[in-house]
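Working notes for the structure below.
In the working numbering, the protein residues as written are 1188 to 1363.
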């Protein structure tokens, strides 16, 4: 018998042998999604991070869940450095993940800095089911992306606005 205690102090017991392996993993780790990564997810990120590509350097990648909801895949990549074009690529009424190579100037003329920022975009207008799927699948992607400097969770335009992100990245030490 395995006994789990919830935050409310309730005791739940069940026979582990009667549960499938993925249910045991979910119960023990709190991880409730079996979403995988499409093969192009990490190489696209490494290309953005290292800047090793013939042609213009990638500035951002937008990831989405596949139509069958089994994999996270690359939806778009861009070398467009205009932050507003990145924001316009995020859908108004659906969730996405994104990585943006955020470039900014330090105060006092101390130079230019870049941070790789991971965005978890779940706008208020997105369907609840989509928000739940994206929230439970985020770690599958986030753990595969090493070298992220900051993480932003956005539910509306103000949370992903340039000034808001700048404030967060200029305070944050590396999160990976």
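All C-beta atoms, glycine included, are put in the ideal place defined by N, C-alpha and C.
Beta strand (DSSP E) segment containing residue i, residue limits
| i | result |
| --- | --- |
| residue 1352 | No beta strand (DSSP E) contains residue 1352, which is instead part of the alpha helix (DSSP H) from 1349-1358. |
| residue 1326 | Segment 1315-1329 is the alpha helix (DSSP H) holding residue 1326; no beta strand (DSSP E) there. |
| residue 1252 | 1247-1252 |
| residue 1290 | 1283-1292 |
Nearest-angstrom beta carbon gap, residue j and residue i [assumed within contact, 8 Å]
| i | j | result |
| --- | --- | --- |
| residue 1343 | residue 1311 | 6 Å |
| residue 1336 | residue 1308 | Incorrect: roughly 18 Å between the Cβ atoms, too far for contact. |
| residue 1248 | residue 1231 | 5 Å |
| residue 1304 | residue 1287 | 5 Å |
| residue 1327 | residue 1229 | 11 Å between Cβ atoms; not a contact. |
| residue 1345 | residue 1351 | 6 Å |
Exposed unless 16 or more other CB atoms sit within 10 angstroms - verdict on residue i
| i | result |
| --- | --- |
| residue 1293 | exposed |
| residue 1263 | exposed |
| residue 1255 | exposed |
| residue 1283 | buried |
| residue 1235 | buried |
| residue 1299 | exposed |
Span of the alpha helix (DSSP H) around residue i
| i | result |
| --- | --- |
| residue 1307 | Looking at the DSSP string, residue 1307 is not in any alpha helix (DSSP H); the run it does join, the beta strand (DSSP E), is 1299-1308. |
| residue 1229 | 1228-1237 |
| residue 1265 | Looking at the DSSP string, residue 1265 is not in any alpha helix (DSSP H); the run it does join, the beta strand (DSSP E), is 1258-1265. |
Residue of the options minimising C-alpha distance to residue i
| i | options | result |
| --- | --- | --- |
| residue 1302 | 1266, 1346, 1355 | 1355 |
| residue 1400 | 1272, 1244, 1260, 1353 | This structure cannot speak to residue 1400, because the chain is shown only from 1188 to 1363. |
| residue 1252 | 1351, 1238, 1237, 1323 | 1323 |
| residue 1276 | 1351, 1353, 1358, 1347 | 1347 |
Neighbourhood of residue i by C-beta, 7 Å cutoff - its chain only, sequence neighbours within 5 removed
| i | result |
| --- | --- |
| residue 1266 | 1243, 1244, 1245, 1246 |
| residue 1329 | 1305 |
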